[in-house]
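Protein chains in written order, with the numbering used here: chain A, 62 to 287; chain B, 10 to 326.
Here you go:
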């Protein structure tokens, strides 16, 4: 696939997809909780823009998905997370990464791995934007990496949500979106998940007075002293 | 044709020499305006250089030959590196004999002697500055090479002139790899030219300075050459960024009209870049030295993403 054969619109979709991946890396490296939420909101906005461009390129039913993505992932869910963080008084919380360079390189390794996995699929005659598949797989895997490397419950939720962003990008890029019913279902699933996570945060916070999920491994608070 | 082309190379080098202080003055002036100050006149760096060349040159009695030779080597290597970068026209003989790896090599040579000179006299500040400079450059160089390789892979050549030609020939194409390489290269340029947030060019504060610490012992014409070389380096990175990523307006044929247009285009782009640099420097705070590796690691990651997105998105099966 040579980039020069594509239209300007498709090239713009490529650039936006690459930006989605870049924002995943930014999320991975971000130590501040609120900044992480902002990056997540930006990822949702860029994803919505990419969907809008694909829709403008000949799949008008995707405009609805674009609007849904913008409303849910760029505005509503970040706003809910923001409110939760303020309510739990975690605005100034900073969670330094253990080995930032190592984690980022692991992310780069995941990109290469997903490229290697997706190469055979790309030989299929799908739509022209199929190259984006490996990027979206990488976004999914990096979301997983965020959940693995972080101990803070809110950051883990951000990682989880960005995994969903990756899946959505794959659907938009490879097959011009899922059927509308499925998309609506997934969108509301994510919304419900966000609400449930909020309730969970409050409960975790109440019972262990922290959102550090590592502390859930201990049987009692007194184990700290030993 | 050949003689006139070499003449043009000389003209470009001259333009670099004369333009570099102006670019620094422009950035200073915009920055001053943003901070509600009047700022120095645009001719101030020229006056400073003139003054320094007229002053007596003092050398510490512990200094060796390296200390005396370093200003000339640093200045010459930076100027040679400048001749490789296409300023007005793309297809020039100087760009044909040396590619971008040579450019990185020239910059490394200058930096090596700069660090040696910092350590030569044996003062504490000089050694500290040298060790910091080496820390920054050891991390910045791989990032720069990766960003450059991204360009080279697209153009199938490490020659800057062919990169520019390729970019001009293919017209407007949105390349994700160029976007990442551009961001990576900007971060590297900020670190390498000692601007905020890595180093502050306007301070002599002991604990934070990098570049100023190394040239603390210099005076007179030695100091003038060092300052001039630093200004040249800023312009080199500026021209590299604007002409490689946005080459429109650069002369492809050697006629007076095309060259005039090229000069106007590159001057306009550099002035705009200077404004952006001043705005960024006003908005950002200098970070702690220990965070510089993180900053450069990020630059490396961006350049790597550029390389990967070139392979994944732009070549494909």
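No residue lacks a Cβ here, since even glycine has one placed at the ideal position from N, Cα and C.
> Nearest-angstrom Cα distance between residue 52 (chain B) and residue 282 (chain B)?
Replying inline: Spanning the two alpha carbons is a distance of roughly 19 Å.
>> Using 8 Å as the threshold, is the C-beta distance between residue 252 (chain B) and residue 259 (chain B) below it?
In response: yes
> Applying a beta-carbon distance threshold of less than 9 Å, which residues of chain A neighbour residue 303 (chain B)?
Replying inline: Correct list: 90, 161, 162.
>> Let me check one thing: in DSSP terms, what residues is residue 273 (chain A) bridge-paired to?
In response: A:213
> Curious, which full-length beta strand (DSSP E) runs of at least 3 residues does the stretch 154 to 183 of chain A contain?
Replying inline: none
> Which bits of chain A does residue 306 (chain B) rub up against, with CB to CB less than 8 Å?
Replying inline: 161, 162, 165
> Among residues of its own chain, excluding the 5 on either side of residue 167 (chain A), which ones have a beta-carbon nearer than 7 Å to its beta-carbon?
Replying inline: A distance below 7 Å between beta-carbons, with the five flanking residues on each side excluded, links residue 167 (chain A) to the following residues of its chain, in chain order: 206.
> What does residue 93 (chain A) pair with, by DSSP beta-bridge criteria?
Replying inline: A:155
> Could you give the C-beta distance for residue 291 (chain A) and residue 198 (chain A), rounded to a whole number, given that I count them as a contact under 8 Å?
Replying inline: Absent from the model: residue 291 (chain A). The displayed extent of chain A is 62 to 287, so no value can be given.
>> Suppose you measure from the CA of residue 159 (chain A) to the CA of residue 140 (chain B); what does that come to, to the nearest Å?
In response: 26 Å
>> Please state whether the Cβ-Cβ distance between residue 212 (chain B) and residue 44 (chain B) is less than 8 Å.
In response: no
>> Tell me the rounded alpha-carbon separation between residue 286 (chain A) and residue 153 (chain B).
In response: Summary for residue 286 (chain A): the model assigns pLDDT 49, below 50, so the residue's position carries little reliability; its value from the coordinates is reported in the next sentence. The straight-line gap from Cα to Cα measures roughly 49 Å.
> Ends of the alpha helix (DSSP H) at residue 343 (chain B)?
Replying inline: In this structure chain B extends from 10 to 326, so residue 343 (chain B) is not present and cannot be described.
> Residues of chain A with CB under 7 Å from residue 185 (chain B), in chain order?
Replying inline: 75, 76, 79
> Interface residues of chain B around residue 173 (chain A) at Cβ under 8 Å?
Replying inline: 317
>> Helix, strand or coil, according to DSSP, for residue 98 (chain B) in the structure here?
In response: strand
> Along the stretch 85 to 113 of chain A, what residues have a CB closer than 8 Å to any CB found in chain B?
Replying inline: The stretch 85 to 113 of chain A vs chain B, Cβ under 8 Å: 86, 90.
> What residues in the stretch 211 to 240 of chain A bring their beta carbon closer than 7 Å to a beta carbon of chain B?
Replying inline: none
>> Short of 8 Å in beta carbon distance, which residues of its chain neighbour residue 122 (chain A), apart from the five on each side in sequence? Order them along the chain.
In response: Counting only Cβ-Cβ distances below 8 Å, and skipping sequence neighbours, we find 116, 238, 241.
> At what residues does the alpha helix (DSSP H) containing residue 13 (chain B) begin and finish?
Replying inline: 11 to 43
>> Against chain B, does residue 290 (chain A) count as a neighbour if the rule is that its beta carbon must be under 8 Å from one of theirs?
In response: The displayed coordinates of chain A run from 62 to 287. Any statement about residue 290 (chain A) would go beyond what the structure contains.
> Quick one, which of B:162, B:237, B:230 has its alpha-carbon nearest residue 68 (chain B)'s?
Replying inline: Closest by alpha carbon: B:230.
>> Using a Cβ-Cβ cutoff of less than 6 Å, which residues in the same chain neighbour residue 326 (chain B) once the five nearest sequence positions on both sides are dropped?
In response: The pLDDT assigned to residue 326 (chain B) is 40, lower than 50, so where the model puts this residue is not dependable, and the model offers no usable value.
>> Can you tell me whether residue 200 (chain B) is helix, strand or coil according to DSSP?
In response: Reduced to three states, the DSSP call for residue 200 (chain B) is helix.
> If we call anything under 8 Å between Cβ atoms a contact, is residue 200 (chain B) one with residue 122 (chain B)?
Replying inline: no
>> Am I right that residue 155 (chain A) and residue 93 (chain A) are in contact with their C-beta atoms under 8 Å? What's the rounded C-beta distance?
In response: Right, the Cβ-Cβ distance comes to about 6 Å (below 8 Å), so this counts as a contact.
>> Here's the rule: buried if 16 or more other CB atoms are within 10 angstroms of the residue's CB, otherwise exposed. What is residue 37 (chain B)?
In response: buried
>> List, in chain order, every chain B residue whose beta-carbon is nearer than 7 Å to that of residue 197 (chain A).
In response: Result: empty, since nearest Cβ-Cβ is about 11 Å, beyond 7 Å.
> Under the three-state reduction of DSSP, which class applies to residue 260 (chain B): helix, strand or coil?
Replying inline: strand
> Roughly how many whole angstroms lie between the Cα atoms of residue 12 (chain B) and residue 75 (chain B)?
Replying inline: 36 Å
>> Would residue 309 (chain B) and residue 173 (chain A) qualify as a contact pair, given that the criterion is a beta-carbon distance under 8 Å?
In response: no
> Closest by CA to residue 79 (chain A), which one among A:128, A:235, A:230?
Replying inline: A:230
>> By the three-class DSSP mapping on this structure, what secondary structure does residue 147 (chain B) have?
In response: Residue 147 (chain B) carries a helical assignment under DSSP once its states are collapsed to helix, strand and coil.
> Exposed or buried, residue 260 (chain A), counting other C-beta atoms within 10 Å across all chains shown (16 or more means buried)?
Replying inline: exposed
> By DSSP, does residue 241 (chain A) sit in helix, in strand, or in coil?
Replying inline: DSSP places residue 241 (chain A) in the helix class (H, G or I) of the three-state scheme.
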